[in-house]
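Peer 1: One structure, pasted below without further comment.
In structure tokens form, the structure reads like this:
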């Protein structure tokens with residue numbers, strides 16, 4: 007493969023985004039990118055034509071969109087971006103830890119699958135809503151609000167229309183937006199003057215990802231969204247979003263260009279793109295959005311595995327291999343959380359093909375096989391993982407649990423086989439029968455057998471004498 011190395015990804019499709027701040031593309035606790043513009047209508051935002059002329063209209067739109075005040079809640083359950091950046095930089099995403107010592111900063115841990123988090127939803131519940139097609143536009147109410155999904159939870163209103171002939175962006179394109187975010191009471195939580203991301207890749211909250219597909223280039227819109235399409239029940243520490251908080255976003259769509267050709271990316275660009283998708287997956291995983299996490303890891307693997315028309319140095323090949331292992335391991339963890347055991351087993355096997363002694367893959371493969379009741383296969387795999395890291399308490403506990411389950415399974419199977427064959431269990435035999443052993447054979451049977459043997463010998467002697 008051919009590649010040319012570079013330190014920054016600054017080009018027409020990256021919108022000037024530097025690799026030094028990869029978190030700017032992901033709107034979750036480990037990414038700073040969900041800001042909004044300064045009040046577009048009240049004071050007039052530079053660079054957005056016509057905003058100062060809509061002072062009165064903005065006030066009325068805010069009054070219509072505002073609801074009950076959101077309580078001020080500290081989000082101590084989710085690490086700050088600086089903490090996540092420090093803990094996820096360099097090496098593996100997470101360490102193999104005892105479950106009692108799991109830390110949200112190490113994603114994902116060697117999890118216990120006995121009970122998924124209460125806030126995790128099934129794949130059907132978490133699937134990204136589809137944007138209505140042009141032929142079936144959502145109904146527009148009298149106050150010009152567009153009900154995007156038809157459930158009243160996500161609405162969009164045009165503040166400044168795009169120029170005549172402007173086109174809407176398509177999924178897979180790189181879009182650049184300027185936006186600000188507010189709580190329902192009008193409190194501004196963050197602002198971003200230029201944010202570039204891939205539309206439809208779940209790099210941002212769903213409210214943005216869905217509504218931008220319905221905007222023309224050059225358009226400025228007001229978006230109101232339920233927490234379901236923003237930060238959900240967890241909220242966020244950065245930006246500071248309370249749990250279950252509905253949001254208002256004022257967004258200006260600046261540019262939409264075609265996404266990168268993966269075959270033409272240099273080694274450094276390919277690594278940076280895949281690592282950004284992986285970080286978004288880590289953030290989704292931390293928020294228990296396991297469907298979106300699996301999607302981000304899959305996109306990272308697509309960037310890593312695609313063919314290339316440029317040279318890649320041996321060092322870059324090594325980095326891509328390590329990144330692929332990380333993404334496959336994290337993908338397996340997400341699939342386990344979603345109870346997709348078959349897919350998780352395939353992901354683990356792919357890791358073990360690349361690194362046969364990968365502890366995380368061995369552990370998760372053992373967990374999958376145990377879930378499927380294959381204790382005889384799971385136990386040797388966990389023993390191999392424990393041999394590689396004898397001090398690991400999580401593997402110790404899991405192995406002990408499986409050994410006990412396997413013994414109980416064998417006892418149950420033995421009892422079932424005896425019952426099928428009509429043989430009573432040893433404990434069900436009468437005491438008189440249980441006391442009988444090889445030495446309790448009646449003497450009459452022993453005497454009879456001896457007589458038969460002696461008779462046979464005598465007969466043989468007689469026959470021999472006659473001959």
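In this note's numbering, the protein residues as written are 7 to 473. We put the CB at the ideal spot given by N, CA and C, even for glycine. Quantities reported herein were computed from a predicted structural model and do not represent experimental measurements.
Looking at the secondary structure, which residues open and close the beta strand (DSSP E) in which residue 228 lies?
Peer 2: Within the chain shown, the letter at position 222 stands for residue 228. From DSSP, the beta strand (DSSP E) with residue 228 extends over 226-231.
Peer 1: What are the boundary residues of the beta strand (DSSP E) that residue 166 is part of?
Peer 2: Residue numbering aside, residue 166 sits at position 160 when the chain shown is read from its first letter. Segment 160-166, the beta strand (DSSP E) holding residue 166.
Peer 1: Does the region 211-228 come within contact of the region 277-292, defined as at least 3 CB pairs closer than 8 Å?
Peer 2: At 8 Å Cβ cutoff, the stretches do not touch.
Peer 1: In whole angstroms, what is the alpha-carbon distance linking residue 381 and residue 403?
Peer 2: Walking along the chain shown from the start, residue 381 turns up at place 375. Walking along the chain shown from the start, residue 403 turns up at place 397. Those two C-alpha atoms are separated by around 15 Å.
Peer 1: Here's a check: name, in chain order, each residue in its chain whose Cβ is nearer than 8 Å to the Cβ of residue 329, leaving out the five neighbours to either side.
Peer 2: Against the chain shown, residue 329 aligns to sequence position 323. Within the same chain, residue 329 has close Cβ partners 277, 280, 281, 284, 306, 310.
Peer 1: Within the same chain, show all residues whose beta-carbon is closer than 7 Å to that of residue 179, passing over the 5 residues directly before and after it, in chain order.
Peer 2: Mapped onto the chain shown, residue 179 falls at position 173. The answer, listed in chain order, is 205, 262, 263, 264, 265.
Peer 1: For residue 302, tell me which candidate among 290, 350, 313, 394 has the shortest Cα-Cα distance.
Peer 2: Looking up residue 302 in the chain shown gives position 296. It is 290 whose Cα lies nearest to the Cα of residue 302.
Peer 1: Three-state secondary structure (DSSP) at residue 277?
Peer 2: On the chain shown, position 271 is the one that residue 277 refers to. Looking at residue 277 - three-state DSSP - the assignment turns out to be helix.
Peer 1: In chain order, what residues of the same chain lie with their CB nearer than 6 Å to the CB of residue 395, ignoring the 5 residues before and after it?
Peer 2: Numbered from its first residue, the chain shown carries residue 395 at position 389. 365.
Peer 1: Which of the three DSSP states is assigned to residue 419 in this structure?
Peer 2: As a first step, residue 419 must be located in the chain shown, where it is residue number 413. Helix, per DSSP.
Peer 1: Looking only at C-alpha atoms, which of 335, 193, 298 sits nearest to residue 252?
Peer 2: For this step, residue 252 is matched to residue 246 along the chain shown. For residue 252, the nearest C-alpha among the options comes from 193.
Peer 1: Beta strand (DSSP E) containing residue 183: first to last residue?
Peer 2: On the chain shown, residue 183 is found 177 positions in, with the first residue counted as 1. Note, residue 183: beta strand (DSSP E), 180-189.
Peer 1: Nearest-angstrom Cα distance between residue 363 and residue 372?
Peer 2: Translated into positions along the chain shown, residue 363 becomes position 357. Translated into positions along the chain shown, residue 372 becomes position 366. Looking at the two C-alpha atoms, the distance is approximately 13 Å.
Peer 1: Given residue 269, which residues of its chain have a CB within under 7 Å of its CB, disregarding the five upstream and five downstream residues?
Peer 2: Residue 269 sits at position 263 when you count from the first residue of the chain shown. Closer than 7 Å at Cβ, skipping near neighbours: 312, 313, 314, 315.
Peer 1: If you compare alpha carbons, which of 223, 235, 226, 202 is closest to residue 216?
Peer 2: Within the chain shown, the letter at position 210 stands for residue 216. Residue 216 has its Cα closest to that of 235, out of 223, 235, 226, 202.
Peer 1: What residues in its chain sit with their C-beta under 6 Å from that of residue 123, if we drop five residues either side in the sequence?
Peer 2: As a working mapping, residue 123 is identified with position 117 in the chain shown. The predicted position of residue 123 is uncertain, since its pLDDT is 41 and thus under 50; a value taken from the coordinates is nonetheless stated next. So the qualifying residues of the chain are 294.
Peer 1: Looking at the unbroken alpha helix (DSSP H) that takes in residue 196, where does it start and where does it end?
Peer 2: Locating residue 196 in the chain shown gives position 190, where the first residue counts as 1. Premise fails: residue 196 lies in the beta strand (DSSP E), 194-204, not in any alpha helix (DSSP H).
Peer 1: Would residue 220 and residue 176 qualify as a contact pair, given that the criterion is a beta-carbon distance under 9 Å?
Peer 2: Counting from one through the chain shown, the residue named residue 220 turns up at place 214. Counting from one through the chain shown, the residue named residue 176 turns up at place 170. Their beta carbons are not under 9 Å apart, which means residue 220 does not touch residue 176 by this criterion.
Peer 1: Would you list the residues sitting across from residue 242 in a DSSP beta bridge?
Peer 2: Here residue 242 refers to the residue found at position 236 when the chain shown is read from its first residue. Answer is 247, bridged to residue 242.
Peer 1: With C-beta atoms as the reference, is residue 226 less than 9 Å away from residue 160?
Peer 2: To locate residue 226, count along the chain shown from 1; it is residue 220. To locate residue 160, count along the chain shown from 1; it is residue 154. Not closer than 9 Å, so no.
Peer 1: Quick one: Cα of residue 350 to Cα of residue 257, how far?
Peer 2: Position 344 of the chain shown, counted from the start, is the residue given in the question as residue 350. Position 251 of the chain shown, counted from the start, is the residue given in the question as residue 257. The straight-line gap from Cα to Cα measures roughly 38 Å.
Peer 1: Assuming the contact rule is C-beta atoms closer than 8 Å, residue 413 and residue 370 should be a hit. Round their C-beta distance to whole Å, please.
Peer 2: The count along the chain shown starts at 1 and reaches residue 413 at position 407. The count along the chain shown starts at 1 and reaches residue 370 at position 364. Between residue 370 and residue 413 the Cβ distance is about 23 Å, and since that is not below 8 Å, they are no contact.
Peer 1: Beta carbon of residue 181, beta carbon of residue 229: below 9 Å?
Peer 2: Within the chain shown, residue 181 is the residue found at index 175, counting from 1. Within the chain shown, residue 229 is the residue found at index 223, counting from 1. Contact flag unset, no.
Peer 1: State the CB to CB distance for the pair residue 300 and residue 341, rounded to an integer number of angstroms; the pair is presumed to be in contact (CB under 8 Å).
Peer 2: Residue mapping note: residue 300 aligns to position 294 of the chain shown, counting from 1. Residue mapping note: residue 341 aligns to position 335 of the chain shown, counting from 1. That pair is a contact at about 6 Å.
Peer 1: Going by C-alpha distance, which of 345, 304, 320 is nearest residue 272?
Peer 2: Taking the first residue of the chain shown as position 1, residue 272 is located at position 266. Considering only alpha carbons, the answer is 320.
Peer 1: Please confirm whether residue 334 and residue 357 have their CB atoms less than 9 Å apart.
Peer 2: Taking the chain shown and counting its residues from 1, the one referred to as residue 334 is at position 328. Taking the chain shown and counting its residues from 1, the one referred to as residue 357 is at position 351. Taking 9 Å as the Cβ cut-off, residue 334 and residue 357 qualify as a contacting pair.
Peer 1: Report buried or exposed for residue 267, applying the criterion of at least 16 other Cβ atoms within 10 angstroms of its Cβ.
Peer 2: Taking the first residue of the chain shown as position 1, residue 267 is located at position 261. Looking at its Cβ environment, which holds fewer than 16 other Cβ atoms inside 10 Å, residue 267 is exposed.
Peer 1: Which ranges would you report for the beta strand (DSSP E) in the region 253-339 if only whole runs of at least 3 residues count?
Peer 2: You should have 253-263.
Peer 1: Please list the terminal residues of the continuous alpha helix (DSSP H) segment that includes residue 383.
Peer 2: Residue mapping note: residue 383 aligns to position 377 of the chain shown, counting from 1. First-last of the alpha helix (DSSP H) with residue 383: 381-394.
Peer 1: How about residue 230: is its C-beta nearer than 9 Å to some C-beta of chain B?
Peer 2: The chain labelled as chain B is not found in the depicted structure, where only one protein chain is given.
Peer 1: Name the DSSP bridge partner or partners of residue 153?
Peer 2: On the chain shown, position 147 is the one that residue 153 refers to. Residue 153 pairs with 161.
Peer 1: Among 454, 185, 336, 425, which has the Cα closest to the Cα of residue 298?
Peer 2: Counting from one through the chain shown, the residue named residue 298 turns up at place 292. Nearest option by C-alpha distance: 336.
Peer 1: Between the C-alpha atoms of residue 383 and residue 424, what's the straight-line distance to the nearest angstrom?
Peer 2: The residue given as residue 383 occupies position 377 in the chain shown. The residue given as residue 424 occupies position 418 in the chain shown. About 25 Å.
Peer 1: Can you tell me whether residue 421 is buried or exposed? The criterion is at least 16 other CB atoms within 10 Å of its CB, across all chains shown.
Peer 2: Position 415 of the chain shown, counted from the start, is the residue given in the question as residue 421. With fewer than 16 Cβ atoms within 10 Å of its Cβ, residue 421 is classed as exposed.
Peer 1: For residue 356, does the three-state DSSP call read helix, strand or coil?
Peer 2: Locating residue 356 in the chain shown gives position 350, where the first residue counts as 1. Residue state, collapsed to three classes: helix.
Peer 1: In terms of residue numbering, what span does the alpha helix (DSSP H) encompassing residue 372 cover?
Peer 2: The count along the chain shown starts at 1 and reaches residue 372 at position 366. It spans 365-377 - the alpha helix (DSSP H) in which residue 372 sits, taken as one unbroken run.
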